[in-house]
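Peer 1: Below is one structure. I have some questions about it.
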Amino acid sequence: MTTPASPNIAAFGAWPSTISAARVAAGATPLSSLMLGGADGSDIFWLAGRAAEAGRNTLLRYHGAATEELTPAPFNVRSRVHEYGGGAYAVEGETVYFSHFKDNCVYRVAPGDAPVAVTQAGRQRFADFVVDRARNRLIGVRELHGDDEHAQPTNTICAIDIASGAETVLVHGADFYSSPRLSPDGRSLVWLSWDHPRMPWQGTTLWLADINPDGTLAAPKRIAGGEEESICQPEWAPDNLLHFVSDRSGWWNLYRLCADRVRIEGLCPMEAEFASPHWTFGNSMYGFRSASEIICTYIDKGVSRLARLLPGSGKLEAIANPYEEIRELRVGPGYIAMLAGGPTIPMELARIDFTEEGVEILAQSIDDLPEEANLSVPVNISYPSANGRTAHAFYYPPRNQDVQAPAGSKPPVIVISHGGPTGMTVNTLNLKTQFWTSRGFGVLDVNYGGSTGFGRAYRDLLKGQWGIVDVEDCVAGAQALVERGLADGERLIIRGGSAGGLTTLCALTFHDVFKAGASYYGVSDLKGLDQDSHKFESNYNEYLIAPKAQADAIYAQRSPINHTDKLSRPMIFFQGLDDKVVPPQQSEMMVDALKKRGIPVEYVALEGEGHGFRKAENIIRTLEAELDFYQNIFKLNHA
Numbered sequence: 081m082t083t084p085a086s087p088n089i090a091a092f093g094a095w096p097s098t099i100s101a102a103r104v105a106a107g108a109t110p111l112s113s114l115m116l117g118g119a120d121g122s123d124i125f126w127l128a129g130r131a132a133e134a135g136r137n138t139l140l141r142y143h144g145a146a147t148e149e150l151t152p153a154p155f156n157v158r159s160r161v162h163e164y165g166g167g168a169y170a171v172e173g174e175t176v177y178f179s180h181f182k183d184n185c186v187y188r189v190a191p192g193d194a195p196v197a198v199t200q201a202g203r204q205r206f207a208d209f210v211v212d213r214a215r216n217r218l219i220g221v222r223e224l225h226g227d228d229e230h231a232q233p234t235n236t237i238c239a240i241d242i243a244s245g246a247e248t249v250l251v252h253g254a255d256f257y258s259s260p261r262l263s264p265d266g267r268s269l270v271w272l273s274w275d276h277p278r279m280p281w282q283g284t285t286l287w288l289a290d291i292n293p294d295g296t297l298a299a300p301k302r303i304a305g306g307e308e309e310s311i312c313q314p315e316w317a318p319d320n321l322l323h324f325v326s327d328r329s330g331w332w333n334l335y336r337l338c339a340d341r342v343r344i345e346g347l348c349p350m351e352a353e354f355a356s357p358h359w360t361f362g363n364s365m366y367g368f369r370s371a372s373e374i375i376c377t378y379i380d381k382g383v384s385r386l387a388r389l390l391p392g393s394g395k396l397e398a399i400a401n402p403y404e405e406i407r408e409l410r411v412g413p414g415y416i417a418m419l420a421g422g423p424t425i426p427m428e429l430a431r432i433d434f435t436e437e438g439v440e441i442l443a444q445s446i447d448d449l450p451e452e453a454n455l456s457v458p459v460n461i462s463y464p465s466a467n468g469r470t471a472h473a474f475y476y477p478p479r480n481q482d483v484q485a486p487a488g489s490k491p492p493v494i495v496i497s498h499g500g501p502t503g504m505t506v507n508t509l510n511l512k513t514q515f516w517t518s519r520g521f522g523v524l525d526v527n528y529g530g531s532t533g534f535g536r537a538y539r540d541l542l543k544g545q546w547g548i549v550d551v552e553d554c555v556a557g558a559q560a561l562v563e564r565g566l567a568d569g570e571r572l573i574i575r576g577g578s579a580g581g582l583t584t585l586c587a588l589t590f591h592d593v594f595k596a597g598a599s600y601y602g603v604s605d606l607k608g609l610d611q612d613s614h615k616f617e618s619n620y621n622e623y624l625i626a627p628k629a630q631a632d633a634i635y636a637q638r639s640p641i642n643h644t645d646k647l648s649r650p651m652i653f654f655q656g657l658d659d660k661v662v663p664p665q666q667s668e669m670m671v672d673a674l675k676k677r678g679i680p681v682e683y684v685a686l687e688g689e690g691h692g693f694r695k696a697e698n699i700i701r702t703l704e705a706e707l708d709f710y711q712n713i714f715k716l717n718h719a
């Protein structure tokens, strides 16, 4: 009789793992920008990130049970409008129009053909296209940059003649535009606009205009929205009724404009979110099976649900599926296409047929999945934070079937502060998280006050409180784990990127809970961020901190760069040298200050990387450097 082998004994944080940094990088295939097309609407298009090809995005098409690539290297289907991009292509039948990242030109491509430029190279960028077939043109958002790289660009809604490439401005005057959508009969156009200092999740305006015979727009009419109402994802039903999402109730819910174009009616009021913040163009969380049936996804307490909504009655019926995050959704003839994932399911492209049971998987972001026995499945937890608040997070315990820690020991825990900060963290399987849990680290991924997915009141907890509420919720989360016996209080780590980097730096500077930290292109100087930031976020701090007239004193109080004398914990910094959102000097100032004080600090600067790392070799390099840093700082056994 064979005796089962005993598991290896190794200290938490030093477990041997088969989830290497190289495996993480190989599995890093971001899927995004889901669209439908083809002669009968049965073709599914999406973008896939190629880390091994310098992080370029390529366009794929699923057609007739086969997948083909439409944009071979060196084409990179990506837009930099608002710097965060999205909405980089549009589909008309089998023809695709896309923005190429290198030259910002719009190209046309069809299966079997090479891409052909539609526009000329210049200082303009395009995003969020729709095809106006009756007038042989594209309509989209144009961002026009001038000769002065420090001057803010001009944003408009612009038409592009497909034959000549000529550009005609249709709408101008606002600081920002998005979501131009053409009615099914081709007679009307809607769009969103907003102005400084607001961000689109604070207040946007929905406009509608009829199209004149010469292609210009008649006088636009304001339909909904304003300075304190956020409108998202306007869409036309097949019967030419306009639908949209509004947070006028305190939650992003679905509404429609009645046929008289005056009355607005709510379709299914509930405390759930039918939209996400407009960081990128082209977000889609609902679509039409018919004029009387909407397929939608909504976020309930941080988890996505899929449902069928009957607008006539307001009835909402659940649609069974295995996912807890549904990032994008499109409705085709007889089917639903989704980008979705769950705790043991990586982000994947899924197809659900209305007449059959089950889910067909067309693409996955991770090809080489670890054994499920080695996957840490998160627990959705809520816990008390400062001033009577309740904060939310996903807790991932250490998990590795081949190793166990010495009896009585507790794991180091990494607390993650997500970026945005107006955003949210989700529980979809992510190999970067499993990289840590499979080595004996716990991970607490926090949806601090200010996160989306919990209604406007929760989102507005960060109004004027960035660097305070987010930090307090991360600190409280770490303390809650220690109190529950789930974490070693002497080995608490905090890490974050971008806005989450500010949370990380503030937590280490103004609190004495965390013992080490990692900042990925994090904000250290709020005033410097204002001076260096791009147009989209150039006034974001008026919401997060204070109006500019009163901001200087608060900036000085909250910027970690002004309080390096209080920062005495070891840190590692990672920074893309081409970052235009958070410039390198934000990290470099902190590194220099810590070096002068003799605090252990490391700096990893990456050429050719912007705001977020896309290249496989850099994903590997950063993960391995961060792991080595923690193991050295905490003197873990390098088993």
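Position in the sequence shown counted from 1, then plus 80, gives you the numbering used here.
Note that CB positions come from ideal geometry on N, CA and C, so glycine has one too.
Find out if the Cβ-Cβ distance for the pair Thr264, Ile237 is shorter than 7 Å.
Peer 2: Counting from 1 along the sequence shown, the entry for residue 264 is found at position 184. Counting from 1 along the sequence shown, the entry for residue 237 is found at position 157. Here residue 264 turns out to be Pro, not Thr, going by the sequence shown. No.
Peer 1: Cα separation between Gly535 and Gly330?
Peer 2: Against the sequence shown, residue 535 aligns to sequence position 455. Against the sequence shown, residue 330 aligns to sequence position 250. Whole-angstrom Cα-Cα distance: 6 Å.
Peer 1: Please state if the CB of Arg205 and the CB of Val161 are separated by a distance shorter than 7 Å.
Peer 2: By 1-based counting over the sequence shown, the position of residue 161 is 81. By 1-based counting over the sequence shown, the position of residue 205 is 125. Going by C-beta atoms, Val161 is nearer than 7 Å to Arg205.
Peer 1: Whether or not the segment 649 to 664 and the segment 678 to 690 are in contact is what I'm after, with contact meaning three or more pairs of Cβ atoms, one per stretch, closer than 8 Å; do they touch?
Peer 2: The segment 678 to 690 vs the segment 649 to 664: in contact.
Peer 1: Here's a check: name, in chain order, each residue in its chain whose Cβ is nearer than 7 Å to the Cβ of Val549, leaving out the five neighbours to either side.
Peer 2: Here residue 549 refers to the residue found at position 469 of the sequence shown. Excluding positions up to five away in sequence, the list reads Tyr528, Gly529, Gly530, Leu541 and Leu542.
Peer 1: Whole angstroms are fine: how far does the CA of Val662 sit from the CA of Pro640?
Peer 2: Walking along the sequence shown from the start, residue 640 turns up at place 560. Walking along the sequence shown from the start, residue 662 turns up at place 582. Approximately 15 Å between the Cα atoms of the pair.
Peer 1: Suppose you measure from the CA of Ala91 to the CA of Tyr600; what does that come to, to the nearest Å?
Peer 2: Walking along the sequence shown from the start, residue 91 turns up at place 11. Walking along the sequence shown from the start, residue 600 turns up at place 520. Going by the C-alpha atoms only, they are around 27 Å apart.
Peer 1: Alpha helix (DSSP H) containing Gln637: first to last residue?
Peer 2: Position 557 of the sequence shown holds residue 637. Counting along the chain, the alpha helix (DSSP H) containing Gln637 begins and ends at Lys628 to Arg638.
Peer 1: How many angstroms separate the CA atom of Leu703 from the CA atom of Lys182?
Peer 2: Walking along the sequence shown from the start, residue 703 turns up at place 623. Walking along the sequence shown from the start, residue 182 turns up at place 102. So the alpha carbons of these two residues sit roughly 28 Å apart.
Peer 1: For the candidate residues Glu308, Glu373, Gly144 and Arg136, whose alpha-carbon lies nearest to that of Gly117?
Peer 2: For the purposes of this step, residue 117 is identified with residue 37 of the sequence shown, where counting begins at 1. For Gly117, the nearest C-alpha among the options comes from Gly144.
Peer 1: Label Asp708 either buried or exposed according to how many other C-beta atoms from any shown protein chain fall within 10 Å of its C-beta, with 16 as the threshold for buried.
Peer 2: The residue labelled residue 708 in the question sits at position 628 within the sequence shown. Asp708 comes out exposed.
Peer 1: Using only the alpha-carbon positions, how far apart do Phe256 and Ser518 sit?
Peer 2: Looking up residue 256 in the sequence shown gives position 176. Looking up residue 518 in the sequence shown gives position 438. Distance between the alpha carbons of Phe256 and Ser518 is about 44 Å.
Peer 1: Return the CA-CA distance between Asp525 and Asp290, expressed in angstroms with no decimal places.
Peer 2: Start at 1 with the first residue of the sequence shown, and residue 525 comes out as number 445. Start at 1 with the first residue of the sequence shown, and residue 290 comes out as number 210. Cα to Cα, Asp525 sits roughly 46 Å from Asp290.
Peer 1: With a 10 Å radius around its C-beta and 16 neighbouring C-beta atoms as the bar for buried, classify Cys338 as buried or exposed.
Peer 2: In the sequence shown, residue 338 corresponds to position 258, counting from 1. Exposed: under 16 other Cβ atoms inside 10 Å.
Peer 1: In angstroms, rounded to a whole number, what distance separates the CA positions of Gln481 and Gly362?
Peer 2: Sequence index remark: in the sequence shown, residue 481 carries index 401 (1-based). Sequence index remark: in the sequence shown, residue 362 carries index 282 (1-based). Spanning the two alpha carbons is a distance of roughly 41 Å.
Peer 1: Do three or more CB pairs link the segment 462 to 474 to the segment 574 to 594 at distances below 8 Å?
Peer 2: Not touching, per the Cβ criterion.
Peer 1: State the Cα-Cα distance for the pair Lys395 and Ser364, rounded to the nearest angstrom.
Peer 2: As a position in the sequence shown, residue 395 is number 315, starting the count at 1. As a position in the sequence shown, residue 364 is number 284, starting the count at 1. Their backbone Cα atoms lie some 21 Å apart in a straight line.
Peer 1: Output yes or no for whether 7 Å exceeds the beta carbon distance between Leu390 and Cys376.
Peer 2: Walking along the sequence shown from the start, residue 390 turns up at place 310. Walking along the sequence shown from the start, residue 376 turns up at place 296. In this structure, Cys376 does not lie closer than 7 Å to Leu390 by Cβ.
Peer 1: Between Ala705 and the ligand FMN, is the CB less than 6 Å from at least one heavy atom?
Peer 2: This structure lacks the ligand FMN, and indeed carries no ligand of any kind.
Peer 1: Our contact map puts Thr199 next to Gly245 with C-beta atoms below 8 Å; I'd like the distance itself, whole angstroms only.
Peer 2: In the sequence shown, residue 199 corresponds to position 119, counting from 1. In the sequence shown, residue 245 corresponds to position 165, counting from 1. With a Cβ gap of about 5 Å, Thr199 and Gly245 count as contacting.
Peer 1: What does the alpha-carbon distance come out to for the pair Asn333 and Ser310?
Peer 2: Within the sequence shown, numbered from 1, the residue matching residue 333 stands at position 253. Within the sequence shown, numbered from 1, the residue matching residue 310 stands at position 230. Spanning the two alpha carbons is a distance of roughly 11 Å.
Peer 1: Taking the Cβ atom as the reference point for each residue, do Leu582 and Gly93 lie within a distance shorter than 7 Å?
Peer 2: Position 502 of the sequence shown, counting from 1, holds the residue named residue 582. Position 13 of the sequence shown, counting from 1, holds the residue named residue 93. Not a contact, by the Cβ cut-off of 7 Å.
Peer 1: When the Cα atoms are used, what is the spatial distance from Glu668 to Asn401?
Peer 2: Numbered from 1 along the sequence shown, position 588 holds the residue referred to as residue 668. Numbered from 1 along the sequence shown, position 321 holds the residue referred to as residue 401. Roughly 46 Å separates the two Cα atoms.
Peer 1: When you compare the CB positions of Glu466 and Glu552, do they come within less than 7 Å of one another, or not?
Peer 2: Against the sequence shown, residue 466 aligns to sequence position 386. Against the sequence shown, residue 552 aligns to sequence position 472. According to the sequence shown, residue 466 is Ala rather than Glu. Yes, Cβ-Cβ distance for Ala466 and Glu552 is below 7 Å.
Peer 1: Helix, strand or coil, according to DSSP, for Arg539 in the structure here?
Peer 2: As a working mapping, residue 539 is identified with position 459 in the sequence shown. In the structure shown, Arg539 sits in a helix (DSSP, three-state: H, G or I).
Peer 1: Under 8 Å Cβ to Cβ from Leu561, same chain only, skipping five residues before and after it: list those, please.
Peer 2: Indexing the sequence shown from 1 puts residue 561 at position 481. Excluding sequence neighbours, Leu561 sits near Tyr475, Val493, Gly522, Leu524 and Ala567.
Peer 1: Pick helix, strand or coil for Arg215, following the three-state DSSP scheme.
Peer 2: Within the sequence shown, residue 215 is the residue found at index 135, counting from 1. Residue state, collapsed to three classes: helix.
Peer 1: If you draw a straight line from the C-alpha of Thr98 to the C-alpha of Ser179, how long is it?
Peer 2: Here residue 98 corresponds to residue number 18 of the sequence shown, with the count starting at 1. Here residue 179 corresponds to residue number 99 of the sequence shown, with the count starting at 1. Their backbone Cα atoms lie some 38 Å apart in a straight line.
Peer 1: Would Leu111 and Ala128 qualify as a contact pair, given that the criterion is a beta-carbon distance under 7 Å?
Peer 2: Your numbering for residue 111 matches position 31 in the sequence shown. Your numbering for residue 128 matches position 48 in the sequence shown. Yes, they are a contact pair.
Peer 1: What three-state label does DSSP hand Phe534 in the structure shown?
Peer 2: For this step, residue 534 is matched to residue 454 along the sequence shown. In this structure, Phe534 counts as coil in the three-state DSSP scheme.
Peer 1: Give me the Cα-Cα distance between Ala719 and Asp672, rounded to the nearest whole angstrom.
Peer 2: Indexing the sequence shown from 1 puts residue 719 at position 639. Indexing the sequence shown from 1 puts residue 672 at position 592. Annotation note: pLDDT 43 at Ala719 (below 50); position unreliable, coordinate value reported separately. Using only the alpha carbons, I get a separation of about 33 Å.
Peer 1: For the alpha helix (DSSP H) that Met670 lies in, which residues bound it at each end?
Peer 2: Taking the sequence shown and counting its residues from 1, one reaches residue 670 at position 590. Start and end: Gln665 to Lys676.
Peer 1: Assuming Arg701 is part of the alpha helix (DSSP H), what are its boundary residues?
Peer 2: As a first step, residue 701 is located in the sequence shown; it is residue number 621 there, counting from the start. Here the alpha helix (DSSP H) through Arg701 covers Ala696 to Ile713.
Peer 1: From the DSSP output, which residues share a beta bridge with Ala35?
Peer 2: Lying outside 81 to 719, the shown extent of the chain, residue 35 is not represented and no answer is given.
Peer 1: Could you tell me the alpha carbon to alpha carbon distance between Pro300 and Leu288, rounded to whole angstroms?
Peer 2: The residue labelled residue 300 in the question sits at position 220 within the sequence shown. The residue labelled residue 288 in the question sits at position 208 within the sequence shown. If you take the alpha carbons of Pro300 and Leu288, they lie about 5 Å apart.
Peer 1: Quick check on Arg213: buried or exposed, where buried means 16 or more other Cβ atoms within 10 Å of its Cβ?
Peer 2: As a position in the sequence shown, residue 213 is number 133, starting the count at 1. By the 10 Å Cβ count, Arg213 comes out exposed.
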